[in-house]
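Colleague:
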Amino acid sequence: MGTSADRTAGRGAAWTPLKHAASSYARAVRAGADSEARAERVLARHVPVLGGAATAAAAARAGTIGVQRLGSLLAGVAGAGFADTLAGLGLSGLVGGTRFHVLDQLVTFIAGDGDDFDSQAARDASCEVMELLFADADTFEEMGEEFTAAVSREGVVEMLELFLSHYIYNKIPVLAEKLGALTDPNAVARADEQVREMINGFVGLNLPEDPYTIEWAGPQGRDIAANCFQTVYNTLEHLIDEAP
1107 MGTSADRTAG
1117 RGAAWTPLKH
1127 AASSYARAVR
1137 AGADSEARAE
1147 RVLARHVPVL
1157 GGAATAAAAA
1167 RAGTIGVQRL
1177 GSLLAGVAGA
1187 GFADTLAGLG
1197 LSGLVGGTRF
1207 HVLDQLVTFI
1217 AGDGDDFDSQ
1227 AARDASCEVM
1237 ELLFADADTF
1247 EEMGEEFTAA
1257 VSREGVVEML
1267 ELFLSHYIYN
1277 KIPVLAEKLG
1287 ALTDPNAVAR
1297 ADEQVREMIN
1307 GFVGLNLPED
1317 PYTIEWAGPQ
1327 GRDIAANCFQ
1337 TVYNTLEHLI
1347 DEAP
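Numbered continuously in the working numbering, the sequence shown closes out at residue 1350.
#1: How many Å lie between residue 1249 and residue 1269 at the Cα?
#2: Return yes when the Cβ of residue 1191 is within less than 8 Å of the Cβ of residue 1177, no when it is not.
#3: Less than 8 Å between the CB atoms is what I'm expecting for residue 1311 and residue 1263, so what's the real figure, rounded?
#4: Please identify the residue among 1339, 1327, 1343 whose C-alpha is closest to the C-alpha of residue 1163.
#5: According to DSSP, is residue 1321 helix, strand or coil?
#6: Check whether the stretch 1124-1139 touches the stretch 1282-1297, taking contact to mean three or more Cβ pairs, one atom from each stretch, closer than 8 Å.
#7: What is the DSSP secondary structure of residue 1129, counted as helix, strand or coil?
#8: Report the three-state DSSP secondary structure of residue 1190 (helix, strand or coil).
#9: Would you give the residue range spanned by the alpha helix (DSSP H) that residue 1292 belongs to?
#10: What is the DSSP secondary structure of residue 1287, counted as helix, strand or coil?
#11: Cutting at 6 Å between CB atoms, please list the residues of its own chain near residue 1211, excluding the five before and the five after it.
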């Protein structure tokens, strides 16, 4: 499940339509009814709670930094290998480390300490990406092999877009609370996946032909992330025009 701001849900104004939409979605999931339109309504109505598309995009600080650092890591491994890239990013202490230690420190490098809601959303998104990148690798050598195998051009784009979509999902208020009240774990998992896939369908990075040449840590990487957030939140906000 996502981290969602439902833990500190507000009242009135934009919150009321979102809560109603999330409750309606949860009821449809519980009943096994067609829930796609209701899921879209949740996506549409959560953007005003975040202050509108422009404010939501501007507030995605941990997400933007996460894209930059994950991009630097992915592109670096493609060019220099896993161990040398870690050293180049100031993470030489991870070389030769255990799976748990490397994963934990890479998540912190990408998303911070999780000391606020935004950073926690980014950490959870980073965890999911790291688990995919390292799959079943146990040793440091195996981790390097699996990571290197995943960083084709398509792999870089896929992992960055996966991070973005999970981060956006993790910041949807109320939804996790409503789905968490369901008693059927399979229904919860299906609903969780449905919303994630819908968001993923709206996420698209506008990249040059070669993602390895991007200065991910600099203004170019920051602009790529910021433009993506602005586009996605604009799209979600305009779903309101179609959501009953």
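C-beta: ideal position from N, C-alpha, C; glycine also. Since the structure is predicted, the reported quantities are computational estimates derived from the model, not experimental observations.
Modeller: By the coordinates alone:
#1: 19 Å
#2: no
#3: 6 Å
#4: 1339
#5: coil
#6: yes
#7: helix
#8: helix
#9: 1291-1308
#10: coil
#11: 1200
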